[in-house]
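Written out below as structure tokens is the structure these notes cover.
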Ligand SMILES: Nc1ncnc2c1ncn2[C@@H]1O[C@H](COP(=O)(O)OP(=O)(O)O)[C@@H](O)[C@H]1O
Ligand SMILES: [Mg+2]
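Residue numbers (the working numbering): 302 to 561.
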């Protein structure tokens, strides 16, 4: 059982030691990684994905349950406790969404028990463009593909650590979705520029110049700020849907959506 991973410091882009002793991420935690483009966010989660042992550009070391992972865990894909999904992750199989999930469910030795339709439902809560169970995975859009793979990793996949690198364009991560994710007991790390995801995660790691600058914990005010942001997003969503449907924005629509 994986209960926690620990990140030990490396060096920044100028070879200066990072200013933390260790960062521990526990099962059931959601974490966001934020910082400017080029600051080293992908490098940080790649260290986790590779289970770095001082052998990457950053020099960081990753421990599992407090100890260095054995080589089998580092190098055998089937034993690796990590799934990473990026903008470029694609499905190549010539299967429908339902068949794709069925094969994975069977490979994991699980019974269907509605898990496949639940997974498609979760995927559809990530993306505005609904995925039909009979759609071929190869013709799904980028956003649909990432949504399906994230839902698959959460519901069916065995990996206790899920790394998501700037996947927000996959759709809208609503609070309910983050709640579902929390209940899976996995460690979920979002590299993100989306303020809502950053506010909804329990921990926020700030990266600058290749180094961890700060580790922040969600506070009460931020939980309220997230609620406000959700409400704004809901209103924007309503207007977006109306425009898509060819509606004209009238005073009534404005009054309903922007009355404060
Ligand atoms: N600590 C570090 N030491 C050396 N190079 C680094 C470090 N962190 C990041 N880099 C390099 O800087 C570049 C940008 O990092 P990247 O992780 O892609 O940034 P981001 O994902 O935040 O846009 C990459 O080439 C990466 O290998
Ligand atoms: Mg990146």
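Think of the CB as a built atom: it goes at the ideal place given N, C-alpha and C, for glycine as much as any other residue.
Bear in mind that the values here come from a model prediction, so they are computed numbers and not experimental data.
| Asked | Found |
| --- | --- |
| Buried/exposed call for residue 508, threshold 16 Cβ in 10 Å | buried |
| Distance, residue 347 Cα to residue 356 Cα | 12 Å |
| Helix, strand or coil at residue 438 [DSSP, three-state] | helix |
| Close Cβ partners of residue 411 (< 8 Å) along its chain, the five nearest in sequence each way excluded | 457 |
| Any C-beta of chain C under 8 Å from that of residue 468 | Looking at the structure shown, chain C is missing, and only one protein chain is on hand. |
| Spatial distance of residue 351 from residue 558 (CA atoms) | 46 Å |
| Alpha carbon of residue 421 to alpha carbon of residue 394, nearest angstrom | 17 Å |
| Residue 313 CB to nearest heavy atom of ligand 1 below 7 Å | yes |
| beta-carbon residue 342 near ligand 2 non-hydrogen atom, thresh 7 Å | yes |
| Residue 319 classed as buried or exposed, judged by whether at least 16 other C-beta atoms fall within 10 angstroms | buried |
| Residues sharing a beta bridge with residue 377, DSSP | In DSSP, residue 377 forms no bridge with anything. |
| Cβ pair count under 8 Å reaching 3, the segment 431–441 against the segment 478–493 | no |
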